[in-house]
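Working notes for the structure below.
Residue numbers (the working numbering): 2 to 464.
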């Protein structure tokens, strides 16, 4: 086939224009300073996907000082001229990219790193940050008015970072949408125990210090990472179902409230494995620390952290989060009911399992206890807003939604849906629309009206 001269010129012109367009689009550009979460615009970072964190931290309880060296392995999702990390308040002394010193600037909690050479899309790279200082906990209305994050205790530190406090102690892409695996090495004064995520690989004493190495080999959101340090009585073993278990309890709380943390943790882990699907991590357990100022517990991955264990239902709630929140994590923080509503409903299921009260009766107790003019009914559960993202409605009305769903589609479909959800999104992220789609697919029912009423509309629904 032959072309005329004018056609050839037109073809050349088009090809040249296409080449320039491709060249322009592939030119290195800065990564975004946030992941796009409307509740926390500065959290997370665009332009790369975090794959693995290697944290090496040394903590001195006497002075409160933390010295750290974090190496993040990531994959560039675009051609990058620079990229961002989240780090709050601590001082950076050195940054390296792929082993070569890199430039960096800071604007509040945002650290912009400029490597010597641009980073190509699809390639893996490492960034190593050396830093130090005295970490400070965060506060405000989000966590019931409590401080959270890196919190000093009488003998060490209690580390519970939801939603945005991981970056108070290590540089990161601090958003649950950017999960990674972890190696966490902690140096602490000899005689103290450092407890972290995953499995304990080694611990040894040298001089006046104890060195501990933990590895979390399953993807984990940053807020679930911990390096809690203190005096602990440690008990290890396996659940009756064969899952390794590690429970660390502050001696001050050993006999507190009459709750056998080890036994309840083992029993609940095994039971949820039957209801929600296989346990998603290598180890289960608990960290029970004497931290009355915190007043909350957190579903730290593989070992929930309790500022004190107040009752058995707290344990079953936090362990349910290992499936709902830890393995299946929210895509954006507005979907937090997928964590808290499910874990609260798990408490109702536990009572049903124990024969003390049906989930239906738990639903009615919460529904009847709140009059129609209560502020409880004015929270939109599917988008509760940042400062009220942990309001009681997110927990209780979220659980009520699940009970209404169960009664609509029946037990057979409902208890098929729960493990289907945890299997479909295992180690990943999901949102409310994903759950509604799966519920409709499993049940074969149209459910828009139910979810619209219970999740997206304010006011007390009629039964």
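No residue lacks a Cβ here, since even glycine has one placed at the ideal position from N, Cα and C.
Review point. Are the beta-carbon atoms of residue 226 and residue 289 separated by less than 8 Å?
Key: Their beta carbons are not under 8 Å apart, which means residue 226 does not touch residue 289 by this criterion.
Point to revise | Where residue 86 falls, given that 16 or more other Cβ within 10 Å makes a residue buried | key: Answer is buried; the Cβ neighbour count reaches 16.
Exercise for review: Give me the Cα-Cα distance between residue 361 and residue 407, rounded to the nearest whole angstrom.
Suggested key: Within the model, the alpha-carbon separation for residue 361 versus residue 407 is close to 10 Å.
Practice item. Tell me, please, whether the segment 232-242 touches the segment 186-195 by the rule of three or more beta-carbon pairs shorter than 8 Å. Key: Under the Cβ criterion (8 Å, minimum of three pairs), the segment 232-242 counts as touching the segment 186-195.
Check your understanding: Taking DSSP as the reference, what is the three-state secondary structure of residue 335?
Key -> Residue state, collapsed to three classes: helix.
Exercise for review: Would you kindly work out how many angstroms separate the C-alpha atoms of residue 142 and residue 389, rounded to a whole number?
Suggested key: For residue 142 and residue 389, the distance between alpha carbons rounds to 8 Å.
**Study point:** Under 8 Å between C-beta atoms of residue 175 and residue 45
**Key:** Going by C-beta atoms, residue 175 is nearer than 8 Å to residue 45.
Point to revise | Outcome for residue 63 when other beta-carbon atoms lying within 10 angstroms are tallied against a minimum of 16 | key: Around the beta-carbon of residue 63, fewer than 16 other beta-carbon atoms lie within 10 Å, marking it exposed.
Check your understanding: Is the beta carbon of residue 172 less than 8 Å from the beta carbon of residue 88?
Key -> Taking 8 Å as the Cβ cut-off, residue 172 and residue 88 qualify as a contacting pair.
Exercise for review: Using the Cα positions of residue 263 and residue 254, report the straight-line distance between them to the nearest angstrom.
Suggested key: For residue 263 and residue 254, the distance between alpha carbons rounds to 13 Å.
Review point. Helix, strand or coil for residue 461 per DSSP?
Key: Coil.
Review point. Going along the chain, which residues of its own chain have a beta-carbon closer than 8 Å to the beta-carbon of residue 22, five neighbours each way excluded?
Key: Here residue 22 scores only 43 on pLDDT, less than 50, and its place in the model is too uncertain to base an answer on.
Point to revise | residue 258, DSSP secondary structure in three states | key: Helix.
Exercise for review: Could you tell me if residue 450 is buried or exposed, where buried requires 16 or more neighbouring beta carbons within 10 angstroms of its beta carbon?
Suggested key: Exposed: under 16 other Cβ atoms inside 10 Å.
Point to revise | Burial state of residue 369, where buried means 16 or more other Cβ atoms lie within 10 Å | key: By the C-beta density criterion, residue 369 is exposed, having fewer than 16 other C-beta atoms within 10 angstroms.
Check your understanding: In chain order, which beta strand (DSSP E) runs of at least 3 residues are fully inside the segment 14-82?
Key -> List check, beta strand (DSSP E) in window: 49-61, 66-77.
Check your understanding: Could you give the residue range of the alpha helix (DSSP H) that holds residue 438?
Key -> Per DSSP, residue 438 belongs to the alpha helix (DSSP H) from 433-444.
**Study point:** Option in 216, 37, 209 with minimal Cα separation from residue 54
**Key:** From the listed residues 216, 37, 209, the smallest Cα separation to residue 54 is found for 216.
Check your understanding: Looking at the unbroken beta strand (DSSP E) that takes in residue 245, where does it start and where does it end?
Key -> It spans 245-250 - the beta strand (DSSP E) in which residue 245 sits, taken as one unbroken run.
Check your understanding: Under the DSSP definition of a beta bridge, which residues are partnered with residue 329?
Key -> Bridge partners of residue 329: 325.
Point to revise | Pick from 153, 125, 184 that is closest to residue 294, judged by C-alpha positions | key: The residue with the shortest Cα to Cα distance from residue 294 is 153.
Check your understanding: Any heavy atom of the ligand NAP within a distance shorter than 7 Å of the CB on residue 318?
Key -> By its list of ligands, the structure shown contains no ligand whatsoever, and the ligand NAP lies outside what it can speak to.
**Study point:** Alpha carbon of residue 183 to alpha carbon of residue 464, nearest angstrom
**Key:** Each residue's alpha carbon lies about 47 Å from the other.
Review point. Is residue 117 helix, strand or coil when you go by DSSP?
Key: In the three-state reduction of the DSSP assignment, residue 117 falls in the coil class.
Point to revise | Span separating the alpha-carbon of residue 352 from that of residue 94 | key: Roughly 52 Å separates the two Cα atoms.
Point to revise | Meets three-Cβ-pair contact criterion under 8 Å: the segment 319-331 and the segment 417-436 | key: These segments touch.
Point to revise | Which listed residue (302, 275, 296) has its alpha carbon closest to that of residue 286 | key: Among 302, 275, 296, the Cα nearest to that of residue 286 is on 302.
**Study point:** Assigned exposure category for residue 25 - 16 Cβ within 10 Å defines buried
**Key:** In this prediction, residue 25 has a pLDDT of 46, which is less than 50 and means its spatial position is unreliable; nothing more can be read from the coordinates.
Exercise for review: Measure from the alpha carbon of residue 243 to the alpha carbon of each residue in 452, 280, 103, 186, then state which is nearest.
Suggested key: The candidate whose alpha carbon is nearest that of residue 243 is 280.
Check your understanding: With which residues is residue 153 paired in a DSSP beta bridge?
Key -> Answer is 158.
Exercise for review: State whether the segment 108-125 contacts the segment 265-283, with contact taken as three or more CB pairs (one from each stretch) at a distance under 8 Å.
Suggested key: The segment 108-125 is not in contact with the segment 265-283.
Exercise for review: Counting only runs of 3+ residues fully inside the segment 273-310, write out the beta strand (DSSP E) ranges in chain order.
Suggested key: The segment 273-310 is shown to contain whole beta strand (DSSP E) runs of 3 or more residues at 285-289, in chain order.
Review point. In terms of alpha-carbon separation, which member of 134, 155, 132, 168 lies closest to residue 149?
Key: Among 134, 155, 132, 168, the Cα nearest to that of residue 149 is on 168.
Exercise for review: Determine the closest residue to residue 1 out of 399, 357, 439, 37, with distance taken between C-alpha atoms.
Suggested key: Residue 1 is absent from the model: the chain starts at 2 and stops at 464.
Review point. Counting along the chain, where does the beta strand (DSSP E) carrying residue 221 start and finish?
Key: Note, residue 221: beta strand (DSSP E), 210-221.
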